[in-house]
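Step one of this worksheet: look at the structure below.
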Amino acid sequence: MRRTAASAEDTDPPEFPPSPASGVEGIDNFAEWDDENVVRDLRETIGKYHDVIPIEADLNAFEKLRKYRPDIVFNIAEGFTGVSRESVIPAMLEMLGIPYTGSDPLTLGMCLDKGRAKEILGYHRLPTAKFAVLKSWPLNGQLRHFDYPMFVKPLFEGSSKGIWTDSVIEDSKALRPTVEKVWNTYSQPAIVEEFLPGREFTVALLGNGASLRVLPIVEIAFEALPQGAKPIYGWEAKWLWDSPDHELEIYKCPADLDEELRNKIETICKKAYNYLGCRDLCRIDVRLDANGEPNILELNPLPGLIKDPTVHSCFPKAAYSAGMTFDDLILAILDEACKRQGVSV
C-alpha cells in the first residue's frame with residue numbers, strides 16, 4: 000500500500016543561525032544541516048514506495064503539515080536555533096497527531112543537552128567520563144578532582160561544532176581561554192570532561208523493543224589524521240582535513256574487536272538507547288578509558304543519513320557493512336516507525 004510520507008528537512012539557511020548563539024556568524028553555523036543532495040536521495044528512495052511531500056522545516060512548516068496531514072513524516076530536521084531546536088518539528092507533529100520517524104521531543108532535547116544525558120547515564124550506572132558543566136567563573140571547586148588532560152566542548156551542539164584540536168587541554172593554563180572560547184562563540188555553557196585516551200567507536204542502533212539491533216561497529220582510525228594531530232574526531236577532521244582531493248580513511252567498519260569488548264559496547268549502547276527513550280534509530284559514540292573499558296560519550300538520535308558511500312556518514316556505513324542497501328536502511332527506519340505507531344504500510 001502506498002502511503003503519503005512527508006520528509007521534514009533543513010536545506011535553506013534561515014535569517015538566523017541554527018545555534019543558541021543567535022547572531023554569531025561562524026564557520027560551523029550550518030554544519031548540522033543536510034545539503035540538497037542528501038535531501039534529494041532521501042526523497043527519491045522513499046518515493047519509490049510511497050508518495051512524498053517535501054516540507055521544509057521552516058516557519059511555515061506547521062501550516063503545511065496541518066494542510067497536507069501525511070500518513071507519516073520521515074524527520075531529519077535539526078531545527079533553527081535554541082537548545083530545543085531538534086524537538087520543534089516532532090512537537091508540532093505530536094500536536095497535530097501525525098506519526099513520524101525517530102525519537103520524541105523529550106529524548107531529542109535530553110540528548111542534545113550533553114550534561115543532562117550524562118546525568119541520566121550516570122543514574123543508571125552506565126560508564127561515562129567524569130564531567131562538569133561550566134557557566135561562569137569562579138568554578139567553586141567543580142574541577143577539583145579532575146585529572147588532565149581534559150576535553151572542552153559546547154553543551155548543546157552536534158556535528159563536531161566547537162570541537163577542535165585545542166579542545167583537548169593539557170594543563171590549567173589552557174582551561175580558561177578554551178572554556179571562554181566556547182562561551183563567547185556559542186553563547187552557552189561548556190561541558191568539561193576528563194579525556195579518555197583509548198580507541199573510539201560509533202555505534203548505529205536500529206529498531207525498537209525486541210527488534211532492536213546493533214549494526215556493525217565503526218571505529219575512528221586516528222592513525223589516519225595528520226601527523227601530530229590529537230586523537231579526536233573534531234571539526235578539522237570532519238570538515239577540513241577530509242576532502243575530495245585528500246580523503247581521510249578515518250573509518251574502519253566493522254571494527255576489529257574481540258567478542259568480549261564488542262559485547263560490552265553493544266550492551267551499554269542498548270541500555271543507553273532504552274534509558275534515554277530512543278526510538279527507531281540512534282548513533283552512540285563510545286570511547287575506551289585508560290583501562291580499556293568502554294565509556295559512552297554521547298547519543299545522537301538524529302544521525303546523518305548520507306547515501307554516497309564515499310562520504311563519511313557513519314550510520315549508512317554501518318548499514319552497508321551489514322549488507323543493507325540505502326533503500327533497505329531507509330525502509331527499515333520507516334517500517335520500525337510505522338509498526339511502533341500502528342501505521343499500515
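Just so we're aligned: 124 in numbering that gives the first Met the number 0 is position 125 of the sequence shown, and the numbers increase by one with no gaps anywhere. The beta carbon of each residue, even a glycine, is placed where N, CA and C say it ideally should be. Since this is a predicted model, take the numbers as computed values, not measurements.
Minimum C-alpha distance to TYR250 - residue among GLU265, THR177, ILE267 and VAL202:
Residue mapping note: residue 250 aligns to position 251 of the sequence shown, counting from 1. Selected option, being the one with the closest Cα: VAL202.
Please classify GLU175 as buried or exposed, where buried requires at least 16 neighbouring CB atoms within 10 angstroms.
Here residue 175 corresponds to residue number 176 of the sequence shown, with the count starting at 1. The sequence given here places Arg at residue 175; Glu does not occur at that position. Label assigned to ARG175: exposed.
Taking THR164 as the reference, which of LEU239, THR184 and LEU211 has the closest Cα?
Residue numbering aside, residue 164 sits at position 165 when the sequence shown is read from its first letter. Among LEU239, THR184 and LEU211, the Cα nearest to that of THR164 belongs to LEU239.
Could you give the distance in angstroms between the alpha-carbon of PHE79 and the alpha-carbon of ASP57?
By 1-based counting over the sequence shown, the position of residue 79 is 80. By 1-based counting over the sequence shown, the position of residue 57 is 58. Using only the alpha carbons, I get a separation of about 8 angstroms.
Give me whichever residues DSSP pairs with CYS281 in a beta bridge.
Here residue 281 is taken as the residue at index 282 of the sequence shown, counted from 1. Looking at the DSSP assignment, CYS281 forms a beta bridge with LEU204.
When the Cα atoms are used, what is the spatial distance from LEU296 to ARG68?
In the sequence shown, counting from the first residue as 1, residue 296 sits at position 297. In the sequence shown, counting from the first residue as 1, residue 68 sits at position 69. Roughly 37 angstroms separates the two Cα atoms.
So, helix, strand or coil for ASN59, using DSSP?
Position 60 of the sequence shown, counted from the first residue, corresponds to residue 59. Here ASN59 sits in coil by DSSP.
Going by Cα to Cα distance, which pick from ALA236, MET323, GLY108 and LEU211 is closest to GLY161?
As a first step, residue 161 is located in the sequence shown; it is residue number 162 there, counting from the start. Taking only the C-alpha atoms, the option nearest GLY161 is ALA236.
Kindly indicate which residue of ASN299, PRO300 and VAL285 has the alpha-carbon position closest to the one of PRO293.
Against the sequence shown, residue 293 aligns to sequence position 294. Per the Cα distances, VAL285.
With distances taken Cα to Cα, identify the nearest neighbour of THR127 among GLU35, LYS47, LYS113 and CYS337.
Walking along the sequence shown from the start, residue 127 turns up at place 128. THR127 has its Cα closest to that of LYS113, out of GLU35, LYS47, LYS113 and CYS337.
Tell me whether GLU77 is buried or exposed, calling it buried when 16 or more other Cβ atoms sit within 10 Å of its Cβ.
Numbered from its first residue, the sequence shown carries residue 77 at position 78. GLU77 should be labelled buried.
Whole angstroms is fine: what's the gap from ALA223's alpha carbon to PHE61's?
Counted from its first residue, the sequence shown places residue 223 at position 224. Counted from its first residue, the sequence shown places residue 61 at position 62. Going by the C-alpha atoms only, they are around 44 angstroms apart.
How is the alpha helix (DSSP H) around ILE71 delimited, first residue to last?
For this step, residue 71 is matched to residue 72 along the sequence shown. Where ILE71 is concerned, there is no enclosing alpha helix (DSSP H), although the beta strand (DSSP E) around it starts and stops at 71–74.
Distance, Cα to Cα, ASP327 vs ASP146?
Taking the first residue of the sequence shown as position 1, residue 327 is located at position 328. Taking the first residue of the sequence shown as position 1, residue 146 is located at position 147. Between ASP327 and ASP146, the C-alpha separation is close to 45 angstroms.
Return helix, strand or coil for ALA289, following the three-state DSSP convention.
In the sequence shown, the residue the question calls residue 289 occupies position 290. It is coil, neither helix nor strand.
Separation of THR106 from PHE314, as counted between CA atoms:
Your numbering for residue 314 matches position 315 in the sequence shown. Your numbering for residue 106 matches position 107 in the sequence shown. So the alpha carbons of these two residues sit roughly 19 angstroms apart.
Between the alpha carbons of ARG339 and ASN207, how many angstroms are there, rounded?
For the purposes of this step, residue 339 is identified with residue 340 of the sequence shown, where counting begins at 1. For the purposes of this step, residue 207 is identified with residue 208 of the sequence shown, where counting begins at 1. So the alpha carbons of these two residues sit roughly 8 angstroms apart.
The beta strand (DSSP E) spanning PRO153 covers which residue range?
Within the sequence shown, the letter at position 154 stands for residue 153. Counting along the chain, the beta strand (DSSP E) containing PRO153 begins and ends at 149–153.
Rounded to a whole number of angstroms, what is the C-alpha to C-alpha distance between LEU142 and ALA131?
Here the question's residue 142 lines up with position 143 in the sequence shown. Here the question's residue 131 lines up with position 132 in the sequence shown. Roughly 7 angstroms between the two C-alpha positions.
For LEU64, three-class secondary structure by DSSP:
One-based indexing of the sequence shown puts residue 64 at position 65. LEU64 falls in the helix class under three-state DSSP.
Nearest-angstrom Cα distance between ALA289 and PRO196?
Numbered from 1 along the sequence shown, position 290 holds the residue referred to as residue 289. Numbered from 1 along the sequence shown, position 197 holds the residue referred to as residue 196. Their backbone Cα atoms lie some 6 angstroms apart in a straight line.
If distances are taken between C-alpha atoms only, which option among LEU330, PHE150 and GLY108 comes closest to THR44?
Against the sequence shown, residue 44 aligns to sequence position 45. The option with the nearest alpha carbon to THR44 is LEU330.
Where does ILE264 sit, in a helix, a strand or coil, going by DSSP?
Indexing the sequence shown from 1 puts residue 264 at position 265. Correct three-state label for ILE264: helix.
Considering only their Cβ atoms, is the gap separating GLY101 from LEU301 smaller than 8 angstroms?
For this step, residue 301 is matched to residue 302 along the sequence shown. For this step, residue 101 is matched to residue 102 along the sequence shown. Yes, these two residues count as a Cβ contact at 8 angstroms.
With DSSP as the reference, label ALA336 as helix, strand or coil.
For this step, residue 336 is matched to residue 337 along the sequence shown. When secondary structure is reduced to three states using DSSP, ALA336 falls in the helix class.
Classify SER343: buried if its beta carbon has 16 or more other beta carbons within 10 angstroms, exposed otherwise.
Translated into positions along the sequence shown, residue 343 becomes position 344. When all chains shown are included, SER343 counts as exposed.
Near PHE90, which residues of its chain fall below 7 angstroms by C-beta distance, leaving aside the five closest residues on each side in sequence?
Translated into positions along the sequence shown, residue 90 becomes position 91. A quick correction: the sequence has Ala, not Phe, at residue 90. Here the set comprises PRO104.
Locate the alpha helix (DSSP H) running through VAL37, then write down its first and last residues.
The residue you call residue 37 lines up with position 38 of the sequence shown. Looking at the DSSP string, the run of the alpha helix (DSSP H) that includes VAL37 is 35–46.
Compare the Cα-Cα distances from SER159 to each of LEU211, ARG212 and LEU298 and report the closest residue.
Taking the first residue of the sequence shown as position 1, residue 159 is located at position 160. The candidate whose alpha carbon is nearest that of SER159 is LEU298.
Measuring CB to CB, does LEU280 end up less than 8 angstroms from ILE216?
To locate residue 280, count along the sequence shown from 1; it is residue 281. To locate residue 216, count along the sequence shown from 1; it is residue 217. Contact: no.
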